[in-house]
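Just below is one structure, and these are the notes that go with it.
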Amino acid sequence: MKKELLFQIEQDDDMLVAVCHDPEMATQGETLEQLVAMIRDLVQCRFDPSDERLKWPVRTVTTLRASFTRAFQCIAQLSPRLCNQF
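Residues in the sequence shown are numbered consecutively from -17, following this note's numbering.
Shown next as C-alpha cells:
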C-alpha cells in the first residue's frame, strides 16, 4: 500500500467532488479553493492526532477539462502539503 492519500476530483453539475478510496472518504466544494479547504478539514477530522496518515502526502488526480490546469497550480501554491502532484 502506498503511503499517500489519493483523491480523484470530478465535476458534478456545479460542484467539485473529491473522493479518496483508501481509506474511503469524500468531500465537495463549489470552487477549487473551497475544495482544498474541505479536503484539509476532512483529513484532519478523519484521523486521530497520533495517526501517521496525517503526515502522508495528499495527491489529486482529475478528469476535469484542461482549463482547470491553472487553477490546480494555484491550489498547489495554497496548500503544498495537500496537493503535491497533479
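By construction, the Cβ of each residue, glycine as well, lies at the ideal position given by its N, Cα and C atoms.
No experiment lies behind these values; they were computed from the predicted model shown.
N-terminal and C-terminal residue of the beta strand (DSSP E) that residue i is part of
{"i": "Leu(-13)", "result": "-13 to -6"}
Distance CB(residue i)-CB(residue j) smaller than 9 Å
{"i": "Val(-1)", "j": "Thr9", "result": "yes"}
Beta bridge counterpart(s) of residue i as assigned by DSSP
{"i": "Arg41", "result": "Leu(-12)"}
{"i": "Glu34", "result": "The partner list for Glu34 (beta bridge, DSSP) is empty, contrary to what the question assumes."}
Spatial neighbours of residue i in its chain, beta-carbon cut-off 8 Å, leaving aside the 5 residues before and after
{"i": "Leu60", "result": "Residue placement at Leu60 is flagged as unreliable, the pLDDT there being 48, under the threshold of 50; the coordinate-derived value follows with that caveat. Counting only Cβ-Cβ distances below 8 Å, and skipping sequence neighbours, we find Glu15, Val18."}
Residues near residue i by beta carbon distance below 7 Å, same chain, minus five either side
{"i": "Asp(-5)", "result": "none"}
{"i": "Met7", "result": "Leu24, Arg28"}
{"i": "Thr45", "result": "Glu(-8)"}
Bounding residues of the alpha helix (DSSP H) (the contiguous stretch that carries residue i)
{"i": "Leu24", "result": "14 to 28"}
Spatially closest choice to residue i from the options, by CA coordinates
{"i": "Gly11", "options": "Lys37, Glu34, Ile(-9)", "result": "Ile(-9)"}
{"i": "Lys(-16)", "options": "Phe29, Glu34, Arg28", "result": "Glu34"}
{"i": "Arg22", "options": "Arg41, Gln(-7), Met(-3)", "result": "Arg41"}
Sequence-distant residues of its chain with Cβ nearer than 6 Å to residue i (five each side left out)
{"i": "Val43", "result": "Gln(-10)"}
{"i": "Leu36", "result": "Phe29"}
{"i": "Glu(-14)", "result": "Trp38, Pro39, Arg41"}
Minimum Cβ-Cβ distance from residue i to chain D less than 9 Å
{"i": "Cys27", "result": "The chain labelled as chain D is not found in the depicted structure, where only one protein chain is given."}
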